[in-house]
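Structure record follows, encoded as structure tokens.
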Amino acid sequence: MALSNHWKQILQQGAVRYAEVMNDQSDLLSVGQLGSRFASQIEGLVVDGDVCTLCFTSMIIRPDVRTECLVAVMGDRLLLFWEQGLFKKKVLSERVPLSSVSDVSYGAGGTSATRGAQVVTVTHTSGRTQFALPVQNGPRVGDVVTAVIRGEEIPAPKPPPKLGPSGRPVEIEEGIARWFAFRRGEIAQDQVGIGAMALVRWMTDEEKAEDTRLLNAQKKD
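If you want it as structure tokens, here you go:
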């Protein structure tokens, strides 16, 4: 019996919502492609009347597999779909009722397979579910995805940082000024407020040379 396509419009609504919130339409085509590949499982888990809040492509992280997946946050449940197997691939899925979720967080991956990725961890009564965040859109995507799974309002985008006279963020310029005050012995290092590596990335060549000069002067003292 041929599969019906009732789920396509439902998941497409979530994909469009994701594109609107992220101001990024690059994932729309991938959602459609994965949806077609995983149709046999989606058909039984997305029904008429469902509402999809967000839908996007990701990578599922499990002890036995790390592969691309489709993530759909529905009104009352989290759904993930992926394929497993080298030759005869089988479509698998995971269903997590949102009412069973006790915690949602995201952060840098802690394994060799997830190094450099931002990983969402959903803790629920049956264990925990992990998937990687799309690499684009920075921490914004993590804030949005975790808020939606928690049933919270989607956070508004953070305003761009205010820029100082040199075109750098004001907090960076102020941090560099405090760093030089520390180098001159005027304040303690813990009063700088921003790590040295973060500041050095923003320093001009002249500022780096001045930093080296002050450091050498400290060593002589």
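First residue of the sequence shown: 1487, per this note's numbering; consecutive thereafter.
No residue lacks a Cβ here, since even glycine has one placed at the ideal position from N, Cα and C.
- Annotated three-state conformation of Ser1512 is coil, per DSSP.
- The region 1497–1517 makes contact with the region 1533–1553; the number of CB pairs closer than 8 Å reaches 3 or more.
- In the DSSP annotation of this structure, the continuous segment of the beta strand (DSSP E) that includes Ala1594 starts and ends at Val1587 to Ala1594.
- Shortest Cα-Cα distance from Leu1701 to any of Arg1687, Ala1667 and Pro1655 involves Ala1667.
- Taken atom to atom, the span from the alpha-carbon of Arg1670 to that of Gly1653 is near 25 Å.
- Cβ contact annotation for Ile1640 (same chain, cutoff 7 Å, sequence separation greater than five): Val1507, Val1630, Ala1633 and Val1634, in chain order.
- Here Val1656 is exposed: its Cβ has fewer than 16 other Cβ atoms, across all protein chains shown, within 10 Å.
- A straight-line Cα-Cα distance of about 32 Å links Ile1662 and Leu1619.
- Just so you know, the alpha carbons of Val1605 and Pro1625 end up roughly 11 Å apart.
- Thr1611 and Val1582 have their C-alpha atoms some 9 Å from each other.
- Two segments are said to touch when three or more pairs of C-beta atoms, one from each, lie closer than 8 Å; by this definition the region 1672–1679 does not touch the region 1644–1651.
- Around the beta-carbon of Glu1638, fewer than 16 other beta-carbon atoms lie within 10 Å, marking it exposed.
- Judged by their CB atoms, Thr1609 and Asp1589 are nearer to each other than the 9 Å cut-off.
- For Gln1704, the enclosing alpha helix (DSSP H) stretches over residues Asp1691 to Lys1706.
- Residue environment: Ala1558 is assigned as buried (16 or more neighbouring CB atoms within 10 Å of its CB, all protein chains considered).
- In this structure, Phe1617 is the residue among Ser1586, Val1577 and Phe1617 with its C-alpha nearest to the C-alpha of Gly1596.
- Unbroken beta strand (DSSP E) runs of no fewer than 3 residues, entirely contained in the region 1629–1673, are not found.
- Around the beta carbon of Phe1573, fewer than 16 other beta carbons sit within 10 angstroms, so the residue counts as exposed.
- With a cut-off of 8 Å on Cβ pairs, the region 1558–1568 is in contact with the region 1524–1538, counting three or more such pairs.
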